[in-house]
Amino acid sequence: MRINFGDLVIGDIARDRIKKALDKNWVTEGKNVEEFEKKFAKKFGYKHAIATSSGTDACIAALASLYEFGAKRGDEVIVPATTFVATANAVLAAGFIPKFVDIELETLNINPRLIEEKITDKTIAIMPVHLMGKPCDMDRIVEIAEKHDLKIIEDCCEAHGAKYKGKYIGTIGDMGCFSFYVAHVIVAGEGGMVVTDNDELANIVRSVKTHGRPTGSIYFDFQRFGLNQRMNDLTAAIGIEGIEHFDETFKKRKENMYKLLEMTKDLEKYAYFSHEEKYETISPHAFPLVLKDSKYNCNKLYKYLESKSIQCKTLFGSLPTQHKAFEFLHYKYGDFPVAEYVGENGLHFGIHQYLSTDDLVYIHDSLIQYFKNVK
Ligand SMILES: Cc1ncc(COP(=O)(O)O)c(C=O)c1O
562 MRINFGDLVI
572 GDIARDRIKK
582 ALDKNWVTEG
592 KNVEEFEKKF
602 AKKFGYKHAI
612 ATSSGTDACI
622 AALASLYEFG
632 AKRGDEVIVP
642 ATTFVATANA
652 VLAAGFIPKF
662 VDIELETLNI
672 NPRLIEEKIT
682 DKTIAIMPVH
692 LMGKPCDMDR
702 IVEIAEKHDL
712 KIIEDCCEAH
722 GAKYKGKYIG
732 TIGDMGCFSF
742 YVAHVIVAGE
752 GGMVVTDNDE
762 LANIVRSVKT
772 HGRPTGSIYF
782 DFQRFGLNQR
792 MNDLTAAIGI
802 EGIEHFDETF
812 KKRKENMYKL
822 LEMTKDLEKY
832 AYFSHEEKYE
842 TISPHAFPLV
852 LKDSKYNCNK
862 LYKYLESKSI
872 QCKTLFGSLP
882 TQHKAFEFLH
892 YKYGDFPVAE
902 YVGENGLHFG
912 IHQYLSTDDL
922 VYIHDSLIQY
932 FKNVK
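Residue numbers (my numbering): 562 to 936.
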């Protein structure tokens, strides 16, 4: 038995749609993609939903739309120091520079109090990431963006169905980007979605994700920077099933999250756990913990959990100072103390819908055992 971070079970709804696509010999962007977009938009009340081939591509397409609003190559986008690498890589791939900001220990999200000092005359956008499904402090971020005339692109890749003050995340800013990678709350295998309530932005993103052609055209008229970021109909079939099952998946994961939070109360002297505020709905993406003292040795805990067949992941590490890929930006260790601490002392593991209460008890018992024996 292994407790995976996430699992994908492909059921009848997806299989039926895949078969129909195969019978028509149509596996590129088609009817399934169109329906996936419509269903996703309707489910969460977004005006537009534009499917892409991955969450990374959703971020790149949303970012590349900023050229239409005066952005120039080399301009800067504010991102948190702690996030999955795709957020920062998308900024680079779109032709901009990521400007990193430290995070808060309590939320693992960008610290809004540190954003303004990173804004320069090259800043064009803020890209908050609702990490681990927990919404960022959007009131404060919107206030800063309005004051400095910046666009907001929400990285919602880990936050399907999360709400901030009664609103689904994704259109509190100008655009939101989702991923349907395996282990997320809605899975398509691979895949992404850009959402927006703005008609103009929707048109531009639709064009960017198909080589910068005018929307609806397949001919050689290239009006802007663009790539092939289209989703295919087989992937969309699996995504549609994910939406059909969304409510039960979300409920089961949320139950698992609360069960494990309840069980781990006796571990609060060792680690920080996530906390849901009254004004928010956390999307149950995964279960993060950050050790309260590095003497509890995160590496050892990681290896211990893996030896118990519990798949876990670190909490990313500070991208600018703990990953070689960003060395060329010349940040130095110590610039992002919270992200660095979380990088060295944080883990997360799955709470997905296929885990039983026994699995959660096993995770808790394994953790207890570790902390009892740690010197
Ligand atoms: C915060 C964040 N942004 C972007 C992505 C990229 O999504 P994808 O893997 O679908 O390209 C992910 C992936 O999980 C993510 O967690």
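Backbone N, C-alpha and C define an ideal beta-carbon position, used for all residues, glycine too.
- With fewer than 16 other CB atoms across the displayed protein chains lying within 10 angstroms of its CB, residue 760 is exposed.
- Less than 8 angstroms separates the beta-carbon of residue 801 from that of residue 578.
- Checking the DSSP bridge columns, you'll see residue 610 partnered with 756.
- With a threshold of 16 other beta carbon atoms within 10 Å, residue 662 meets it and is buried.
- Residue ranges of uninterrupted alpha helix (DSSP H) with 4 or more members, entirely inside the stretch 580-649 and ordered along the chain, are 592-605 and 616-625.
- Contact between residue 693 and residue 846 holds: their C-beta atoms lie close to 5 angstroms from each other, under 8 angstroms.
- The residue from 653, 676 and 655 with its alpha-carbon nearest to that of residue 664 is 676.
- Buried is the label assigned to residue 794, since at least 16 other Cβ atoms lie within 10 Å of its Cβ.
- For residue 918, the enclosing alpha helix (DSSP H) has its first and last residue at 918-934.
- Ranked by Cα distance from residue 680, the options 691, 668, 707 and 690 are led by 707.
- Straight-line measurement puts the Cα of residue 564 at about 26 angstroms from the Cα of residue 667.
- In the displayed model, residue 695 falls within coil according to three-state DSSP, outside both helix and strand.
- Excluding residues up to 5 positions away in sequence, 607, 608, 609 and 732 lie with their Cβ nearer than 8 angstroms to the Cβ of residue 758 in the same chain.
- Taking the CA atoms as reference points, residue 654 sits about 26 angstroms from residue 903.
- For residue 570, the number of other beta carbons within 10 angstroms of its own is below 16, and it is reported as exposed.
- With 16 or more other CB atoms across the displayed protein chains lying within 10 angstroms of its CB, residue 818 is buried.
- The straight-line gap separating the alpha-carbon atoms of residue 798 and residue 576 is approximately 8 angstroms.
- Positions of the alpha helix (DSSP H) runs, each at least 4 residues long and wholly inside the stretch 807-876, are given as 807-824 and 859-868 in order along the chain.
- The three-state reading of DSSP puts residue 664 in strand, counting E and B together.
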